[in-house]
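Q: For reference, each letter of the sequence shown is one residue, going 1 to 450 in UniProt numbering.
Think of the CB as a built atom: it goes at the ideal place given N, C-alpha and C, for glycine as much as any other residue.
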Amino acid sequence: MNNRRFATTAGWLTVPCLIVAGLLAWYVTHEPASALASPPTTLADIDPALVARGEYVARLSDCVACHSVPGGAPFAGGLEMATPLGAIHATNITPDTDTGIGRYSLADFDRAVRHGVAPGASRLYPAMPYPSYAKLSDDDVRALYAFFMKDVAPVRQANIPSAIPWPLNLRWPIALWNAVFVDAEPYVAKPTQDAVWNRGAYLVQGPGHCGSCHTPRGLAFNEKALDESAAPFLAGALLDGWYAPSLRADHNTGLGRWSEAQIVQFLKTGRNQHAVVYGSMTEAFNNSTQFMTDPDLMAIARYLKSLPGDPGRDGPPWQYQELRTATGPDAPGAHIYMTHCASCHGLDGKGQGEWMPPLAGATSALAKESASAINITLNAAQRVVAAGVPDAYRMPALREQLSDQQIAEVLTFVRSAWGNHGGAVEARAVSQLRQRTDPASSSPIILHMR
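(1) Going by other Cβ atoms of all chains shown within 10 Å of its Cβ, with 16 needed for buried, is R114 buried or exposed?
(2) Would you kindly work out how many angstroms separate the C-alpha atoms of S416 and L359, rounded to a whole number?
(3) Could you give the residue range of the beta strand (DSSP E) that holds Y202?
(4) In the DSSP assignment, find the unbroken beta strand (DSSP E) run with I407 in it and report its ends.
(5) Could you check whether the stretch 288 to 303 touches the stretch 187 to 204, counting it as contact only if at least three pairs of C-beta atoms, one from each stretch, sit closer than 8 Å?
(6) How many Å lie between D108 and G102 at the Cα?
(7) CB-CB under 6 Å to Y303, same chain, minus the five flanking residues each way: which ones, in chain order?
(8) Here's the rule I'm using: 16 or more other beta-carbon atoms within 10 Å means buried, otherwise exposed. How should T215 be labelled?
(9) Rounding to the nearest angstrom, what Cα-Cα distance links W258 and V155 in this structure?
(10) Report the rounded CA-to-CA distance for L378 versus Y337, giving the unit in angstroms.
(11) Please confirm whether M149 and P95 have their CB atoms less than 8 Å apart.
(12) In the DSSP assignment, what are the bridge partners of T83?
(13) Going by C-alpha to C-alpha distance, which of F291, A195 and S372 sits closest to A244?
(14) Just reading off the alpha helix (DSSP H) that W177 is part of, what are its end residues?
(15) Which residues bound the beta strand (DSSP E) around A237?
(16) Per DSSP, Q352 forms a beta bridge with which residues?
(17) Pop quiz: A127 and I88 are said to be a contact at Cβ under 8 Å. What is the actual Cβ separation, rounded to whole angstroms?
(18) Determine the extent of the alpha helix (DSSP H) in which Y145 is found, giving its start and end residues.
(19) Any idea if L447 is buried or exposed, counting beta-carbon neighbours within 10 angstroms, 16 or more meaning buried?
(20) For the stretch 248 to 263 against the stretch 277 to 291, are there 3 or more C-beta pairs whose distance is under 8 Å?
(21) Hey, quick one: how far does the alpha helix (DSSP H) through Y243 stretch, first residue to last?
(22) Which first and last residues belong to the alpha helix (DSSP H) in which R156 is found?
(23) Whose C-alpha, out of G71, V389, Q406 and F291, is nearest the C-alpha of R428?
(24) Since I believe I374 is in contact with Y395 (beta carbons under 8 Å), could you give me their beta-carbon distance rounded to a whole number of angstroms?
(25) Which partner residues of V385 appear in the DSSP bridge assignment?
(26) Apart from the five residues just before and just after Q321, which ones in its own chain have a Cβ nearer than 7 Å to its Cβ?
(27) With DSSP as the reference, label E260 as helix, strand or coil.
(28) Report the option in T363, P70, D404 and T339 whose CA atom is closest to the CA atom of P317.
(29) How long is the line joining the alpha carbons of Q265 and P167, rounded to whole angstroms?
(30) Who does E426 pair with in a DSSP beta bridge?
(31) When you compare the stretch 74 to 94 with the stretch 172 to 182, are there three or more beta-carbon pairs, one atom per stretch, that lie closer than 8 Å?
(32) Is the closest heavy atom of the ligand FMN to the C-beta of T99 under 7 Å?
(33) Could you check where the alpha helix (DSSP H) with H345 kicks off and where it finishes?
(34) I'd like to check one pair, G346 with T412: are the Cβ atoms closer than 8 Å?
(35) Any idea what DSSP makes of A127, helix, strand or coil?
(36) Do D183 and A231 have their beta-carbon atoms positioned less than 8 Å apart in this structure?
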């Protein structure tokens with residue numbers, strides 16, 4: 001009797017289970033719909049103005065930074081990117097018909113850019129920031145497609161397979177990840193805000209994909225927020241050995257002390273009285289933000305300044321203080337600072353104009369996370385290239401001159417002097433970062449789009 005009852009129950013459950021399994025299989029293997037139809041004209045008939053707009057959208061989106069390598073052809077791929085699961089390589093997005101995207105229709109291109117799905121329902125890893133690019137407008141996607149198909153030279157270069165081991169390299173679960181963590185709708189303007197604010201929100205959330213670095217991630221490596229409706233959005237995050245600081249109005253670790261004009265200056269020239277671009281932001285500046293129009297930069301600044309900070313997270317507002325006994329010239333690390341740092345950053349920690357940034361009140365000296373301070377001290381800064389001209393002054397690498405303990409001591413001094421309160425740095429943290437990072441190149445790295 002029990003066996004018969006079990007068989008009957010199993011029979012009733014088999015049908016709904018098969019239905020659910022079938023629906024799941026369909027969901028993870030189907031191509032999402034695209035709102036864009038293939039262009040009715042040939043590429044030769046594409047309006048040059050549309051191509052020019054597409055080139056600008058490519059600059060806004062910083063496509064060249066990931067899909068090119070120094071010395072390689074533009075957009076031919078090959079850049080290795082480390083992920084928690086293993087290394088992946090950026091793909092060839094030139095219009096080559098065999099190894100690139102030359103066979104993509106406009107709808108194929110749209111699905112890849114805004115939905116993370118390549119032809120054949122192949123899911124892209126979210127290292128491609130399609131959760132942000134989902135915000136792109138239809139017109140910007142059309143323009144981007146026109147630029148890549150019309151103006152980018154095709155390059156025959158095979159893509160490099162990922163190093164993610166099986167079964168972690170199975171991509172169908174990404175469809176479920178997308179369903180939970182991605183808002184696939186284009187940006188919709190807020191009627192309560194003006195056109196400048198809305199343009200800034202669109203640029204920051206969409207093509208600029210600022211949240212990819214500056215928003216903390218959850219256990220599933222998802223961005224914890226995709227827009228200003230949630231407090232974690234742009235609240236600062238650790239990524240690839242660098243701490244991308246808050247872009248909210250946090251007084252100490254964000255943009256609370258920056259004016260809109262200073263934000264524009266930073267994005268346009270790579271420096272202002274508070275900071276100089278370094279770390280991952282160097283690539284964003286060299287290849288993207290300096291090419292943005294002034295109205296777009298002002299829109300970004302307006303939007304970012306509207307994001308409130310969190311005093312509970314940020315701590316008491318920083319105020320400059322003269323050196324005291326505990327952080328004075330006899331403190332551990334002080335002599336190292338005098339020898340290796342003071343000639344540029346000043347005995348008072350205030351730097352020298354806009355060329356040598358201050359360490360007094362610097363985000364890296366106030367944030368609890370010390371990765372950026374350690375990384376730049378070990379490995380130096382990449383060359384900032386503004387308007388085609390490499391910077392005249394560059395932070396040198398000190399990994400050969402200073403031990404882990406010495407770097408920990410000098411950074412602890414900096415992070416406790418002049419009113420800074422970022423906290424002590426341990427030699428163990430320096431050692432760990434030393435082992436998994438390399439010195440920055442002293443040569444200017446310029447990635448061309450043509």
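A: Inspection of the coordinates gives the following:
(1) Here residue 114 is taken as the residue at index 114 of the sequence shown, counted from 1. Flag for R114 reads buried.
(2) On the sequence shown, residue 416 is found 416 positions in, with the first residue counted as 1. On the sequence shown, residue 359 is found 359 positions in, with the first residue counted as 1. Rounded to whole angstroms, S416 and L359 show a C-alpha spacing of 11 Å.
(3) Locating residue 202 in the sequence shown gives position 202, counting from the first residue. Unbroken run through Y202 is the alpha helix (DSSP H), A195 to Q205; no beta strand (DSSP E).
(4) Residue 407 sits at position 407 when you count from the first residue of the sequence shown. First-last for I407: D404 to V414, but that is the alpha helix (DSSP H), not the beta strand (DSSP E).
(5) Taking a cut-off of 8 Å for Cβ pairs, the stretch 288 to 303 and the stretch 187 to 204 touch, as three or more such pairs fall below it.
(6) The count along the sequence shown starts at 1 and reaches residue 108 at position 108. The count along the sequence shown starts at 1 and reaches residue 102 at position 102. Their Cα atoms are separated by approximately 11 Å.
(7) The residue labelled residue 303 in the question sits at position 303 within the sequence shown. The answer, listed in chain order, is W197, G200, A201 and V204.
(8) Indexing the sequence shown from 1 puts residue 215 at position 215. By the 16-neighbour rule on beta-carbons within 10 angstroms, T215 is buried.
(9) For this step, residue 258 is matched to residue 258 along the sequence shown. For this step, residue 155 is matched to residue 155 along the sequence shown. Across the structure, W258 and V155 are spaced so that their CA atoms are roughly 43 Å apart.
(10) Along the sequence shown, one-based indexing puts residue 378 at 378. Along the sequence shown, one-based indexing puts residue 337 at 337. One C-alpha to the other measures close to 14 Å.
(11) Residue numbering aside, residue 149 sits at position 149 when the sequence shown is read from its first letter. Residue numbering aside, residue 95 sits at position 95 when the sequence shown is read from its first letter. Result yes, Cβ atoms of M149 and P95 sit closer than 8 Å.
(12) Counting from one through the sequence shown, the residue named residue 83 turns up at place 83. According to DSSP, T83 bridges with G86.
(13) What you label residue 244 is simply residue 244 of the sequence shown in a count that begins at 1. Closest in alpha carbon position to A244, among F291, A195 and S372, is S372.
(14) In the sequence shown, residue 177 corresponds to position 177, counting from 1. Counting along the chain, the alpha helix (DSSP H) containing W177 begins and ends at P173 to F181.
(15) In the sequence shown, counting from the first residue as 1, residue 237 sits at position 237. For A237, the enclosing beta strand (DSSP E) stretches over residues A237 to L239.
(16) For the purposes of this step, residue 352 is identified with residue 352 of the sequence shown, where counting begins at 1. Answer is M356, bridged to Q352.
(17) As a position in the sequence shown, residue 127 is number 127, starting the count at 1. As a position in the sequence shown, residue 88 is number 88, starting the count at 1. Contact between A127 and I88 holds, since their C-beta atoms are separated by about 6 Å, short of 8 Å.
(18) For the purposes of this step, residue 145 is identified with residue 145 of the sequence shown, where counting begins at 1. It spans D138 to K150 - the alpha helix (DSSP H) in which Y145 sits, taken as one unbroken run.
(19) Here residue 447 refers to the residue found at position 447 of the sequence shown. With 16 or more Cβ atoms within 10 Å of its Cβ, L447 is classed as buried.
(20) As far as the Cβ criterion goes, the stretch 248 to 263 does not touch the stretch 277 to 291, which means the pair count is below three.
(21) Sequence index remark: in the sequence shown, residue 243 carries index 243 (1-based). No alpha helix (DSSP H) holds Y243; the beta strand (DSSP E) holding it covers W242 to A244.
(22) The residue you call residue 156 lines up with position 156 of the sequence shown. First-last for R156: undefined, no H or E at that position.
(23) The count along the sequence shown starts at 1 and reaches residue 428 at position 428. The shortest CA-to-CA distance from R428 to any of G71, V389, Q406 and F291 is the one to Q406.
(24) Position 395 of the sequence shown, counted from the start, is the residue given in the question as residue 395. Position 374 of the sequence shown, counted from the start, is the residue given in the question as residue 374. It is worth fixing the name first, because residue 395 is Met in this sequence and not Tyr. Rounded, the Cβ-Cβ distance is 13 Å, inconsistent with contact.
(25) Walking along the sequence shown from the start, residue 385 turns up at place 385. Bridge pairing for V385: P390 [DSSP].
(26) Here residue 321 is taken as the residue at index 321 of the sequence shown, counted from 1. Counting only Cβ-Cβ distances below 7 Å, and skipping sequence neighbours, we find W418 and G419.
(27) In the sequence shown, the residue the question calls residue 260 occupies position 260. Residue state, collapsed to three classes: helix.
(28) The residue you call residue 317 lines up with position 317 of the sequence shown. With distances taken between Cα atoms, P317 lies closest to T363.
(29) Working through the sequence shown from its first residue, we reach residue 265 at position 265. Working through the sequence shown from its first residue, we reach residue 167 at position 167. Answer to the nearest angstrom: the Cα atoms are 47 Å apart.
(30) Within the sequence shown, numbered from 1, the residue matching residue 426 stands at position 426. Answer is none; E426 lacks a bridge partner.
(31) The stretch 74 to 94 vs the stretch 172 to 182: no contact.
(32) In terms of ligand content, the structure shown is empty, and the ligand FMN therefore cannot be addressed.
(33) Residue 345 sits at position 345 when you count from the first residue of the sequence shown. For H345, the uninterrupted alpha helix (DSSP H) run begins and ends at A342 to H345, by DSSP.
(34) Taking the first residue of the sequence shown as position 1, residue 412 is located at position 412. Taking the first residue of the sequence shown as position 1, residue 346 is located at position 346. By the CB criterion at 8 Å, T412 and G346 fall outside the cutoff.
(35) Indexing the sequence shown from 1 puts residue 127 at position 127. Three-state result, A127: coil.
(36) Mapped onto the sequence shown, residue 231 falls at position 231. Mapped onto the sequence shown, residue 183 falls at position 183. Result no, Cβ atoms of A231 and D183 do not sit closer than 8 Å.
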